[in-house]
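Data first, discussion second: the structure below is written as structure tokens.
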Amino acid sequence: MNRRSLAAFATGLAGALAAGWLAFPRWLYVSADQPLPFNHRLHTSDATGFACTDCHAIRADGEFAGIPSMATCATCHAEPVGTTAGEKRLVEEFVRPGREIPWRVYSRQPDNVRFPHAAHVQGAQLACESCHGAHGTRETLVAFQEDRLSGYARGLITMDRCESCHRETGRGPLACIGCHR
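For the sequence shown, the residue numbers in this note's numbering are 1 to 181.
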């Protein structure tokens with residue numbers, strides 16, 4: 001191979017690698033705004049005293065109930081409590097008409113994954129922050145990014161993190177069938 005061919009090959013290879021590492025991830029994820037601003041810090045402050053599970057409950061069967069329903073929000077927000085434009089929209093567009101907020105969910109798991117929150121939160125006594133990070137102390141919501149191919153959100157919770165925790169703590173299944181159906 002002559003020098004000119006080798007230079008052309010190296011340039012092409014470098015371009016392909018750069019596209020794969022830099023351009024593809026930017027193309028793969030599309031960002032979308034949440035329907036309303038939300039301040040977790042305000043809701044979990046000492047003034048309100050709410051814990052994560054006050055709004056994000058675990059059902060009697062041990063499964064996670066997910067995003068709180070409008071009825072949960074309406075117990076405090078039948079009328080605006082504060083003065084923000086976001087809360088005014090919450091009351092006018094969702095609480096009064098009884099419409100659920102179409103939140104974009106960061107932590108939706110693939111259909112073949114079985115994740116029992118009760119085993120982690122109640123059984124292993126893990127704090128929500130162990131997996132979700134400091135989400136509950138944020139004043140603004142994390143940007144929602146959806147994978148264009150799979151439809152799942154880009155998030156903090158990955159299979160690698162779960163496997164590492166199970167290995168490091170010696171708790172939880174290590175075989176695929178333990179979490180995947």
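Even glycine gets a Cβ: it sits at the ideal position worked out from N, Cα and C.
Item: For A81, does the three-state DSSP call read helix, strand or coil?; Value: Ala is not the amino acid found at residue 81; the sequence shown has Val there. It is coil, neither helix nor strand.
Item: W103 to F50, Cα distance in whole Å?; Value: 20 Å
Item: Within the stretch 18–49, note down every full beta strand (DSSP E) run reaching 3 residues or more, in order along the chain.; Value: 29–32
Item: What are the boundary residues of the beta strand (DSSP E) that includes E146?; Value: F144 to D147
Item: Taking a contact to mean a Cβ-Cβ separation below 8 Å, would you say H40 touches R108 in this structure?; Value: no
Item: Which residues in the same chain as G123 place their Cβ atom closer than 6 Å to its Cβ, once the five residues preceding and following it in sequence are excluded?; Value: none
Item: From the DSSP output, read off the bridge partner residues of H180.; Value: V113
Item: So, with DSSP's three-state summary, where would you put A16?; Value: helix
Item: Out of I58, S69 and A65, which has the shortest C-alpha to C-alpha gap to F94?; Value: S69
Item: Provide the residue span of the alpha helix (DSSP H) that contains H132, from first to last.; Value: E129 to H132
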